[in-house]
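Data block below; observations after.
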Amino acid sequence: MEQIAAGIHQISKGVNAFIIDGDEGVVLVDSGLPKRQGAILDGLTTIGRKAQDIAAIVITHGHADHTGGAGAIKRDSGAALIVSETDAPVVRGDAPAAPPPIMDFPILRNLIGLVPQAEGVAVDHTVVDGDVPVVSDLSAVPTPGHTAGHISLLLDRHGGVLFAGDSAMSTRSGGVRRGFMNRQSARFDGSLRTMAGLDFQIACFGHSAAIVGGAAGSFRAFVAGI
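The sequence shown lines up with residues 281 to 506 when you count with my numbering.
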């Protein structure tokens, strides 16, 4: 587990999930791969928390590497599960997940096919007009492209913390890129511009290291060239 900032912790077990610790309880952003929820529960123990302290599980999008632990963690914690209205049927198991853009490439399609399917989970709340129920200092930003209902999350702490899910990736030098799992499109690049228009100092990603300090500037530098 890595502390990104005070009260914000990254759990990396094949994909990143995030623990936000605060006075209202714990918020989990994404839940990792199926059957890997133990890493999240261990992380909670490390900071003196337990599953029952989780008030909400907020899912950025309906792919199994981000929803896989949600069912088990929800059963252990009783936490509210929150997702976008568009991706909610996928999280519930009522509709198949749309393949990510990288599925156009056979070798990557084969790798994605190795990811176990996530169980369907009851959704307690859907995001409406950016409001994230249960959590007072977290807002949702529609960032479609990776999936139709992908949302990024903006936390009102530390000068702003953006949880970008799979809507972008960081580079080793602290820049921003679309990421190996995405392809250029007007819709996707529109989401990048949306994020670049926000104010935040820290950006956290599903498949790369966090940018700590000046993160919005990294997004703005990227979109200036597209």
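Don't be surprised by glycine CBs; every beta carbon is placed ideally from N, CA and C.
No experiment lies behind these values; they were computed from the predicted model shown.
Limits of the unbroken alpha helix (DSSP H) element including residue i
i	result
F502	A495 to V503
F468	A466 to A476
N-terminal and C-terminal residue of the beta strand (DSSP E) that residue i is part of
i	result
T406	H405 to V407
Q290	I288 to S292
L324	From DSSP, L324 is part of no beta strand (DSSP E) but of the alpha helix (DSSP H) over Q317 to T326.
A335	I334 to V338
A375	Where A375 is concerned, there is no enclosing beta strand (DSSP E), given that its DSSP letter is neither H nor E.
L313	Neither: L313 is in no beta strand (DSSP E) and is coded neither H nor E.
I431	I431 to L435
F443	V441 to F443
Opposing strand residues paired with residue i [DSSP bridges]
i	result
G454	Answer is none; G454 lacks a bridge partner.
N296	S292
I353	Per DSSP, none; premise fails for I353.
I362	V338 and H405
Reduced DSSP secondary structure (H/G/I, E/B, other) of residue i
i	result
A448	coil
H346	helix
S416	coil
P381	helix
V401	coil
A241	A query on residue 241 cannot be resolved here, the shown segment of the chain reaching from 281 to 506 and no further.
A228	Within the shown structure, residues of the chain are numbered from 281 to 506, placing residue 228 beyond reach of any answer.
A285	strand
When the options are compared against residue i, the one with the closest alpha-carbon
i	options	result
V306	I288, V421 and D367	I288
I353	D322, S364 and F502	D322
N296	I320, R355, G425 and D303	I320
V338	I431, I327 and A501	I431
P369	F480, T427 and S488	T427
G312	G373, K330 and Q397	Q397
P424	G294, R463 and A335	R463
A378	G454, G429 and I300	G429
L435	H343, A483 and L324	A483
I506	Q481, D367 and L472	L472
G486	R500, D345 and G470	D345
L324	V408, E282, H341 and G348	E282
I335	G445, F502 and D404	Looking at the sequence itself, residue 335 is Ala, so the reference to Ile does not match. The shortest C-alpha separation from A335 is found at D404.
I299	I327, P314, T347 and K315	I327
F480	R372, G349 and S498	S498
H343	R329, R316, D333 and P376	P376
K293	Q317, P413 and E304	Q317
CB-CB length for residue i against residue j, believed under 8 angstroms
i	j	result
V421	M461	Their Cβ separation, rounded to whole angstroms, is 19 angstroms, which puts V421 and M461 out of contact at 8 angstroms.
A496	L478	6 angstroms
A331	L361	Actually they do not touch by this definition, with Cβ atoms about 14 angstroms apart.
R458	A448	7 angstroms
T406	V441	Contact flag wrong, Cβ pair sits at about 22 angstroms.
D367	H341	5 angstroms
Below-8 angstroms beta-carbon distance, residue i vs any chain E residue
i	result
A297	Of the chains in the structure shown, none is chain E; there is only one protein chain.
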